[in-house]
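Enquirer: Dropping the structure in here first, questions after.
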Amino acid sequence: MLLLFETPAGFAVFKVLDEGKLSNVEDLGNVFSSAESARKMVKLKAFDKFDNTSEALEAVAKLLEGTPSKGLRKFLKANCEGETLAVADSKLGNIIKEKLKIDCVHNNAVMELLRGVRSQLTELISGLGDQDLAPMSLGLSHSLARYKLKFSSDKVDTMIIQAIGLLDDLDKELNTYAMRVREWYGWHFPELAKIISDNILDAKSVKLMGNRINAAKLDFSEILADEVEAELKEAAVISMGTEVSDLDLMHIRELCDQVLSLAEYRAQLYDYLKSRMNTIAPNLTSLVGELVGARLISHGGSLLNLSKQPGSTIQILGAEKALFRALKTKHATPKYGLIYHASVVGQAAPKHKGKISRSLAAKAALAIRCDALGDGEDNSMGVENRLKLEARLRSLEGKDLGRLSGSAKGKPKVEVYDKDKKSGSGGLITPAKTYNTAADSLMGQTSKAEESVKEKKDKKKKKKKADAEEEEEAKTEEPSKKKSKKKKAEVEPETEEAITEEPSKKKKKRKHEEDTTEMPAKKKEKKDKKKKESEA
Numbered sequence: 001m002l003l004l005f006e007t008p009a010g011f012a013v014f015k016v017l018d019e020g021k022l023s024n025v026e027d028l029g030n031v032f033s034s035a036e037s038a039r040k041m042v043k044l045k046a047f048d049k050f051d052n053t054s055e056a057l058e059a060v061a062k063l064l065e066g067t068p069s070k071g072l073r074k075f076l077k078a079n080c081e082g083e084t085l086a087v088a089d090s091k092l093g094n095i096i097k098e099k100l101k102i103d104c105v106h107n108n109a110v111m112e113l114l115r116g117v118r119s120q121l122t123e124l125i126s127g128l129g130d131q132d133l134a135p136m137s138l139g140l141s142h143s144l145a146r147y148k149l150k151f152s153s154d155k156v157d158t159m160i161i162q163a164i165g166l167l168d169d170l171d172k173e174l175n176t177y178a179m180r181v182r183e184w185y186g187w188h189f190p191e192l193a194k195i196i197s198d199n200i201l202d203a204k205s206v207k208l209m210g211n212r213i214n215a216a217k218l219d220f221s222e223i224l225a226d227e228v229e230a231e232l233k234e235a236a237v238i239s240m241g242t243e244v245s246d247l248d249l250m251h252i253r254e255l256c257d258q259v260l261s262l263a264e265y266r267a268q269l270y271d272y273l274k275s276r277m278n279t280i281a282p283n284l285t286s287l288v289g290e291l292v293g294a295r296l297i298s299h300g301g302s303l304l305n306l307s308k309q310p311g312s313t314i315q316i317l318g319a320e321k322a323l324f325r326a327l328k329t330k331h332a333t334p335k336y337g338l339i340y341h342a343s344v345v346g347q348a349a350p351k352h353k354g355k356i357s358r359s360l361a362a363k364a365a366l367a368i369r370c371d372a373l374g375d376g377e378d379n380s381m382g383v384e385n386r387l388k389l390e391a392r393l394r395s396l397e398g399k400d401l402g403r404l405s406g407s408a409k410g411k412p413k414v415e416v417y418d419k420d421k422k423s424g425s426g427g428l429i430t431p432a433k434t435y436n437t438a439a440d441s442l443m444g445q446t447s448k449a450e451e452s453v454k455e456k457k458d459k460k461k462k463k464k465k466a467d468a469e470e471e472e473e474a475k476t477e478e479p480s481k482k483k484s485k486k487k488k489a490e491v492e493p494e495t496e497e498a499i500t501e502e503p504s505k506k507k508k509k510r511k512h513e514e515d516t517t518e519m520p521a522k523k524k525e526k527k528d529k530k531k532k533e534s535e536a
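For the sequence shown, the UniProt record's numbering assigns the number 1 to the initial residue and increments by one for each residue that follows.
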C-alpha cells in the first residue's frame, strides 16, 4: 500500500511497511511519536520536486478543486501502477481511479497516517529541513490566498487614487487661472465677464480678440453663438474699460494659453480615469459614476480596503468630521458623505435622499466586493442594482412600478406590497373616485350645519352693533358735560350775595365728604368765619 503526500517542495509517495497497524487507528498516534518508530511504519519511495512557485501553485490549486495536475499524473503512472494508493481526498481518489486505473483508499486510518507523516516529515525526507520548509510554506500560502481571492496584479488602484487627486488639483488651478484672466482683462473690457460665463470660452475669446477694438473685425463663430457674438461686438464699441498696452495683452494671452492647456489636459485625464474605473471597478462605476467611485476608493485607501467596509460606513464616508461632531454634541448623525454626489441620490427629493443613500450604500458595498474579489469583469451586477435603485426611488415617489423592479435575467422579481392591488395586475380593488355632484350647494337648499353657521354670524353682528351704539353714546355724553361746565363758568352773578353763596355751595359740595369726618365744634368755627367774611 502506498501513501500520496503533498509538500510545499513537491509530491512524495511513501510505502506503508506495516499495514496491520492501520486496523487500530488509536495506536497510530503513538507509532509516529518518534522518528525511529515512524521509519519502521513508512518509507519514502519516490519524490517529485516542483521547479518553481507557479508550478507548485498550479498543482495545489488543482488538488483543491479535486483534480490531479499533469505532473502528478505522470508521477503516479511511473511509481504507483498496480498498487493501492491512499489519498487525502475521496474526490481526487475517484478521478485517479477513473483516469489512471489506480485503486485509491480514503478512510480514518489514512487521515491519521497522513497526520503522523506530517509531524515527522523532515525526518522521513532527507535534505528537507525546517529552515527550508517554513519559507516554502509561507510563499505558497500567500500565492494560494491570492489565487483564492482572484487577485489580479493588473488591477492597480493606485493609479485611480493619483488620478482623482490630480483631477481635483487641476480643477482648483484651472478655476484660479480663469478668474485671474477675467479680473486682469476686466480692466480693459469689463462687460465681457457678463456676456460670456464659461471660463474656457472666455479664455478663447480673449486670446483671439486681444484689444477690444479688434472685436468688430474678427469672426467668433467657431467659439461663440451668433447672439453672443453680436452682443460682444456691440459692447466692445461702447465699453467703459481702460486702455492697455501691447505688453499687457501679451501676458494676458499667455495666461489664456495656460488655461486652455490645463483644460485640455484635464479632459484627457478624465478619459483616462474613466477607462481605468471601467476596468478596475466596473460595477461600482455603473452604480455611482466614475468620479464618486474614484473618490470612494481614494478615501478608503484601496479597492481591497474599501471592500472590507460595511454599507453603513460607505454611506457616511467623507463626512467623518460631521459624524464626530454630531456624536460629541448628541445631535443627529449625517445621512450621507461622498455618496451624496451620485446621480441616483441627486434625482431623489430632499425627504427621500436619506433612504436612497442608505440603499445605494448597501448596493455599492456589494459591487465593491464583486469588483475587488470577484472573477467577472463585466458590470452586469452594477447595472442590475442600478435598475433596482431607480425602481425603489419611483416607489418612494408613489408611482406604480409594475414589473420594473425585477431583474432582467429571469430571477424572481421583487415588488413592493400594496394591499389595494390585485395579485397579477396593476389595477386597484377599490373603485376610482368620481366627482360627487350631491355635495354641490343649490339655491334654497341649505343644510342644518349651514343654518347654525348663519345663526352664529347673526349673533356676532348684533353684539358688534350693540357695542358700537354704547361707544357712540359715551362719546356724546362727554362733550355735553364739558359744555355745561363752560356755561357755568361764563354766567355772571347778579348780586353780591349770589357771588358769595355760589362758591360756598360749591365748596360745601366738594368738601362734603371731608366735613362728615370732621368734629362738630370745628364745623361751627368754620361757619362763623364764613358769616363774618360775608358780612364784611
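Here a beta-carbon is modelled for each residue, glycine too, at the ideal position from N, C-alpha and C.
1. Provide the residue(s) that pair with T84 in DSSP beta bridges, ordered along the chain.
2. Confirm, please, whether the CB-CB distance from E98 to L63 is below 8 Å.
3. I'd like the ranges of any alpha helix (DSSP H) spanning at least 4 consecutive residues and lying wholly in the region 28 to 59.
4. Compute the Euclidean distance between the alpha carbons of G10 and T67, then round it to the nearest angstrom.
5. State the start and end residues of the unbroken beta strand (DSSP E) segment that holds L4.
6. Looking at the strands, I want to know which residues DSSP matches up with F11.
7. Excluding the 5 residues preceding and the 5 following A35 in the sequence, name in chain order all residues of the same chain whose CB lies nearer than 6 Å to its CB.
8. Determine, using beta carbons only, whether P282 and E377 come nearer to each other than 8 Å.
9. Which class does V25 belong to by DSSP, given the choice of helix, strand or coil?
10. Give the DSSP-derived three-state secondary structure of V206 in the structure shown.
11. Span of the alpha helix (DSSP H) holding T333?
12. Got a sec, what are the start and stop residues for the alpha helix (DSSP H) K308 sits in?
13. Grouping DSSP H, G and I as helix and E and B as strand, with all else coil, what is V16?
14. Should S343 and G293 be called a contact, given that it needs their Cβ atoms to be closer than 8 Å?
15. Is it the case that the region 354 to 372 contacts the region 260 to 273, given that we only count it when at least three CB pairs across the two stretches are under 8 Å?
16. Could you spell out the range, first to last residue, of the alpha helix (DSSP H) harbouring H251?
17. Which residues bound the alpha helix (DSSP H) around G398?
18. Where do the ends of the alpha helix (DSSP H) carrying E377 lie?
19. If I follow the unbroken alpha helix (DSSP H) through A322, where does it start and stop?
20. N385: buried (16+ other C-beta within 10 angstroms of its C-beta) or exposed?
21. Any idea what DSSP makes of N211, helix, strand or coil?
22. I'd like the list of long-range same chain contacts for S407, defined as Cβ closer than 6 Å, with 5 residues on each side in sequence excluded.
23. Near W187, what residues of its chain come up, given a Cβ to Cβ distance below 8 Å and the 5 sequence neighbours on each side ignored?
24. Could you spell out where the alpha helix (DSSP H) holding E231 opens and where it closes?
25. Contact between the region 15 to 25 and the region 47 to 55: three or more CB pairs below 8 Å?
26. State buried or exposed for F32, treating a residue as buried only when at least 16 other CB atoms are found within 10 Å of its CB.
27. From what residue to what residue does the alpha helix (DSSP H) around L167 run?
28. For K45, which residues from the same chain have a beta carbon less than 7 Å from its beta carbon, with the 5 sequence-adjacent residues on both sides left out?
29. Based on Cα-Cα distance, which residue from N379, K457, L22 and A391 lies nearest to V42?
30. Compute the Euclidean distance between the alpha carbons of I102 and G71, then round it to the nearest angstrom.
31. Of all the options K77, P350 and S298, which has the alpha carbon lying nearest to the alpha carbon of residue 537?
32. Is the region 274 to 281 touching the region 156 to 173 in the sense that three or more CB pairs, one from each, lie closer than 8 Å?
33. Quick one: any contact between the region 182 to 202 and the region 316 to 327, if contact means 3 or more CB pairs under 8 Å?
34. Just checking my contact of A236 with R212 at CB under 8 Å: how many whole Å lie between their CB atoms?
35. Where do the ends of the alpha helix (DSSP H) carrying residue 557 lie?
36. Quick one: give me the first and last residue of the alpha helix (DSSP H) that L296 is part of.
Expert: Considering the structure as presented:
1. Answer is D103.
2. no
3. 28 to 31 and 35 to 41
4. 16 Å
5. For L4, the enclosing beta strand (DSSP E) stretches over residues L2 to E6.
6. The beta-bridge partner set that DSSP reports for F11 consists of E6 and D48.
7. Q120 and E123
8. yes
9. Assigned with DSSP and collapsed to three states, V25 falls in coil, not helix or strand.
10. helix
11. Run containing T333: none; DSSP gives neither H nor E here.
12. Premise fails: K308 is in no alpha helix (DSSP H) and is neither H nor E.
13. strand
14. no
15. no
16. D246 to I280
17. It is not in any alpha helix (DSSP H) - G398 carries neither H nor E in the DSSP assignment.
18. Careful: E377 lies outside any alpha helix (DSSP H) and carries neither H nor E.
19. Segment E320 to T329, the alpha helix (DSSP H) holding A322.
20. buried
21. Residue state for N211 is assigned as coil, using DSSP reduced to three classes.
22. Confidence at S407 is low in this model, with a pLDDT of 41, below 50, so the placement of that residue should be treated as unreliable; the coordinate-derived value is given next. The residues are E384.
23. G241, T242 and V244
24. Annotation: the continuous alpha helix (DSSP H) that includes E231 extends over D226 to V237.
25. no
26. buried
27. T158 to G186
28. Cβ neighbours of K45 beyond the five flanking positions: L2, V13, F14, K15 and N79.
29. Here the closest residue by C-alpha is L22.
30. 16 Å
31. Here the chain comprises residues numbered 1 to 536, so residue 537 is not present and cannot be evaluated.
32. yes
33. no
34. Between R212 and A236 the Cβ distance is about 4 Å, and since that is below 8 Å, they are a contact.
35. It is not possible to answer for residue 557, since the shown part of the chain is limited to 1 through 536.
36. E290 to G300
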